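The structure under discussion appears below in the form of structure tokens.
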Amino acid sequence: MDEHLSVGPVGSTFFGQTLEQHLLHMQRQQAGATGDFTGLFHQIALAAKIIASQVSKAGLANILGLTGDVNVQGEEVMKLDVFANTTLVRCVQQGGHVCVMGSEEVAEPIPVPPQFPKGKYVLQFDPLDGSGNIDINASIGTIFSVHRRKTAGNGPGTLEDCLQPGRDIVAAGYVIYGSSNMFVYSAGQGVHGFTFDPAIGEFFLSHENLRIPKRGDTYSVNEGNYHKWSDGVRAWVDWIKKDEPSRSAYRLRYIGAMVADFHRTLLRGGIFAYPSDRKNASGKLRLLYEASPLAFVCEHAGGAASDGQQRIVDILPTALHQRTPLYIGSPDDVADALRFVG
Ligand code: AHM
Ligand code: MG
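Here the working numbering is used: the first residue of the sequence shown is 1, the next is one more, and so on.
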């Protein structure tokens with residue numbers, strides 16, 4: 001095509017598919033789809049835009065009083081992780097698509113207020129993963145998963161609706177607030193990434209059908225815990241950073257926000273791990289809010305995720321804030337880790 005015929009502004013993503021258009025397109029392919037799922041995703045995306053806008057102002061906290069400070073009117077202002085939690089709850093609860101929610105920030109299941117209809121889905125999330133990174137302007141993110149309700153009827157959802165394994169997830173994903181903001185999700189038909197265009201206020205499809213490389217050359221783990229790990233975990237890390245006849249030593253990358261470390265691992269390949277250690281006998285990461293949703297995404301991109309013994313998505317949760325060790329990433333790299341720690 002003659003390049004002079006293109007109509008959009010130079011560099012504009014305007015002619016890409018928006019998240020909304022993509023969801024409608026997927027909905028049309030689904031016989032019997034009611035639009036409930038699409039409606040829920042619109043609300044999650046709206047919450048993501050609101051959170052992204054506040055995250056981008058985080059550095060102004062001391063000037064404007066945006067995060068845990070007292071603002072110019074003398075009112076105390078919410079911390080960003082609490083703000084992110086409240087934003088997701090408020091955006092989603094009125095839609096009539098969920099019967100209950102669960103959040104890393106909240107001890108118990110979050111009911112839908114009586115004045116709003118209850119829907120057939122259950123939304124669970126870590127509203128702002130890696131929030132320790134806010135003050136240093138490094139990437140953070142929101143992680144979420146959607147299940148179908150288990151309890152019958154259309155009344156309020158219960159704890160039973162929340163305690164479901166990753167293999168029953170209908171859709172899961174994350175939003176990363178980084179050098180650009182991205183919405184990445186899977187509803188079981190590939191993993192798709194959308195980049196936010198702040199000038200237009202939309203997420204545009206930028207990474208269609210993401211596939212994780214079969215093997216990478218990077219490992220991502222908090223090696224400061226080395227002396228607290230089991231012999232197996234130590235042996236794995238000793239092995240991965242040595243030159244071997246078949247490969248060079250792996251490179252270490254660790255941001256300290258799982259959503260960001262996972263995003264890099266998904267795009268470039270390799271492995272992210274948070275093993276159990278002497279201090280955290282079951283690991284540190286939350287099964288329902290962190291491990292399970294990202295395991296679902298990773299598997300749908302051709303990757304693997306294990307707690308060292310079994311697939312993350314096969315673990316049956318017994319408590320909302322249950323923790324799990326995690327090895328996630330390229331299938332060959334996870335298989336290597338399991339030879340040492342499994
Ligand atoms: P958070 O949910 O309180 O932010 O904690 C989870 C985070 C993960 O994002 C990250 O992978 C991990 O904690 C980092 O932990 P550590 O500082 O022990 O390496
Ligand atoms: Mg977290």
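Note that CB positions come from ideal geometry on N, CA and C, so glycine has one too. No experiment lies behind these values; they were computed from the predicted model shown.
Straight-line gap, residue i to residue j (C-alpha atoms, nearest Å)
| i | j | result |
| --- | --- | --- |
| THR38 | ILE50 | 19 Å |
| GLY260 | GLY141 | First, the residue type needs correcting, since residue 260 is Ala and not Gly in the sequence shown. Cα-Cα distance, rounded: 7 Å. |
| HIS25 | LEU46 | 19 Å |
| ARG323 | ALA199 | 39 Å |
| SER145 | ALA31 | 22 Å |
| GLY16 | ARG28 | 19 Å |
| GLN309 | LYS79 | 37 Å |
| LYS242 | VAL89 | 46 Å |
| ASN225 | LEU123 | 33 Å |
| ILE63 | ASN137 | Residue placement at ILE63 is flagged as unreliable, the pLDDT there being 48, under the threshold of 50; a coordinate-derived value is accordingly withheld. |
| VAL82 | HIS97 | 23 Å |
| HIS227 | ASP36 | 49 Å |
| ASP231 | ALA335 | 18 Å |
| PRO331 | LEU210 | 15 Å |
| GLY193 | GLN115 | 35 Å |
| SER206 | HIS263 | 14 Å |
| LYS214 | GLY153 | 43 Å |
| GLY65 | THR87 | With a pLDDT of 48 at GLY65, under the threshold of 50, the modelled position of this residue cannot be trusted; read the value that follows with caution. Cα-Cα distance, rounded: 18 Å. |
| ASP333 | MET258 | 17 Å |
| ASP307 | TRP236 | 15 Å |
Short Cβ contact (9 Å threshold) for residue i with residue j
| i | j | result |
| --- | --- | --- |
| LEU23 | VAL92 | no |
| LEU320 | CYS99 | no |
| ALA281 | LEU326 | no |
| ILE312 | ILE328 | yes |
| SER220 | THR265 | yes |
| GLY302 | GLY216 | no |
| ALA48 | PHE203 | yes |
| TYR254 | SER56 | no |
| ILE110 | ALA58 | no |
| PRO317 | LEU285 | no |
| GLY173 | ILE143 | yes |
| ASN222 | GLY201 | no |
Cutoff 9 Å: residue i Cβ touching any chain D Cβ
| i | result |
| --- | --- |
| ALA172 | Note that chain D does not occur in the displayed structure, where there is just one protein chain. |
Supposed close pair residue i, residue j - CB separation, criterion 8 Å
| i | j | result |
| --- | --- | --- |
| GLU299 | ALA305 | 6 Å |
| VAL233 | VAL112 | Contact doesn't hold; Cβ gap of about 41 Å is too wide. |
| PRO275 | TRP239 | So it is not a contact: roughly 14 Å between Cβ atoms. |
| VAL191 | VAL297 | 6 Å |
| THR218 | ARG268 | 6 Å |
| ALA337 | ALA273 | 7 Å |
| GLY95 | GLN43 | 5 Å |
| ASP126 | GLU108 | Wrong, their Cβ atoms sit about 16 Å apart, outside the cutoff. |
| ARG148 | GLY157 | That belief does not hold up - the Cβ atoms of ARG148 and GLY157 are roughly 11 Å apart, past 8 Å. |
Residue burial classification, residue i (beta-carbon count within 10 angstroms, cutoff 16)
| i | result |
| --- | --- |
| LYS118 | buried |
| ALA171 | buried |
| TYR185 | buried |
| MET1 | Because MET1 carries a pLDDT of 38, less than 50, the predicted location of this residue cannot be relied on, and no value is offered for it. |
| PRO245 | exposed |
| GLN189 | exposed |
| ASN85 | buried |
| ALA33 | exposed |
| GLY283 | buried |
| LEU19 | buried |
Handout entry: Segment contact, 8 Å Cβ cut-off, at least three pairs: the region 158-172 with the region 245-257
Key = Result no; under three Cβ-Cβ pairs closer than 8 Å.
Problem - Touch test, the region 180-197 against the region 120-133, Cβ-Cβ under 8 Å, three pairs minimum - result: Segments in contact, no.
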